[in-house]
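> Residue numbers (the UniProt record's numbering): 1 to 171.
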Amino acid sequence: MSQKTSIERQGAMPPPQSGVVRTSSLFSQDTSSTDVTIRLHLWLEREGGMLFGMGRVLLLRKVEECGSLKKAAESLGMSYRAAWGKLKHSEEALGCKLVEKQGSNRDGYRLTDEGRRITEGYEAWFQSVERHALEAARELLPWKVGAFGGTPVGGCGETVEPSQCDVSKTE
Numbered sequence: 001m002s003q004k005t006s007i008e009r010q011g012a013m014p015p016p017q018s019g020v021v022r023t024s025s026l027f028s029q030d031t032s033s034t035d036v037t038i039r040l041h042l043w044l045e046r047e048g049g050m051l052f053g054m055g056r057v058l059l060l061r062k063v064e065e066c067g068s069l070k071k072a073a074e075s076l077g078m079s080y081r082a083a084w085g086k087l088k089h090s091e092e093a094l095g096c097k098l099v100e101k102q103g104s105n106r107d108g109y110r111l112t113d114e115g116r117r118i119t120e121g122y123e124a125w126f127q128s129v130e131r132h133a134l135e136a137a138r139e140l141l142p143w144k145v146g147a148f149g150g151t152p153v154g155g156c157g158e159t160v161e162p163s164q165c166d167v168s169k170t171e
């Protein structure tokens, strides 16, 4: 019987839960005062590539806010062509329209009911995953872990701060 097992049986050191790593044995220095920020980049994909992610959510929220794909693209720092391509790619991959023409304005768009449902569902899923990841990080890691205030966009970790785009806004 190992010394560690003997100590655990005597009650001096409770056995770790299955799948839980005891962080105190992994880190020899005191890291309790170090602030760490959690960042997640989540997206859904199929064999054909990217299906839907936070970048699409931000674009769709801006389309809804501005009523214009051109203005939405400009506010996110992308070209109209790039925004159009991203929307079309997601619409083809999802098999449904995410935006529709609005009124007689050539550039006027709004979210379809399906686009709104997918956007809201993705946001709820993302927030749930982020909340669980933060709880697990705080439980398993030796640092003081905080949530990230911005919203991840794109594959290279660029961010949009909440003041630029309120992704929690659901209408």
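All residues carry an ideal CB built from backbone N, CA and C; glycine is no exception.
This one's a predicted model, so the numbers in the text were calculated from it and none came from an experiment.
1) Taking 8 Å as the limit between beta carbons, can you name the residues of its chain near K101, skipping five residues before and five after?
2) Look up E45 in the DSSP assignment and say whether it is helix, strand or coil.
3) Pick helix, strand or coil for L40, following the three-state DSSP scheme.
4) What is the residue span of the beta strand (DSSP E) that K71 lies within?
5) Should K62 be labelled buried (16 or more other beta-carbon atoms within 10 Å of its own) or exposed?
6) Can you tell which of E92, W84, A124, E139 has its C-alpha closest to the C-alpha of L69?
7) For D35, which residues in the same chain have their Cβ closer than 6 Å to its Cβ, ignoring the five residues on either side in sequence?
8) Our contact map puts M54 next to F126 with C-beta atoms below 8 Å; I'd like the distance itself, whole angstroms only.
9) Since V129 and L76 are thought to touch, with beta carbons under 8 Å apart, how far apart are those beta carbons, to the nearest angstrom?
10) Does the beta-carbon distance from L60 to L111 come in below 8 Å?
11) Going by Cα to Cα distance, which pick from A82, Y122, G48, K71 is closest to A93?
12) Distance, Cα to Cα, R131 vs G121?
13) Compute the Euclidean distance between the alpha carbons of R46 and G115, then round it to the nearest angstrom.
14) Measuring only the C-alpha atoms, how far is A124 from G67?
15) Take R119 as the anchor and find which of I38, T37, R56 has the nearest alpha-carbon.
16) Please state whether DSSP places M78 in a helix, a strand or coil.
On the basis of the data shown:
1) So the list reads G108, Y109, once near-sequence residues are dropped.
2) Strand, per DSSP.
3) coil
4) Unbroken run through K71 is the alpha helix (DSSP H), 69-75; no beta strand (DSSP E).
5) That one is buried.
6) W84
7) K144
8) 6 Å
9) Their Cβ separation, rounded to whole angstroms, is 23 Å, which puts V129 and L76 out of contact at 8 Å.
10) Inclusion of L60 and L111 in the CB contact set at 8 Å is warranted, their separation being smaller than that value.
11) G48
12) 15 Å
13) Inter-residue distance for R46 and G115 is about 18 Å (C-alpha atoms, whole angstroms).
14) Cα-Cα distance, rounded: 23 Å.
15) Before going further, note that residue 119 is Thr rather than Arg in the sequence given. Nearest of I38, T37, R56 to T119, Cα basis: R56.
16) coil
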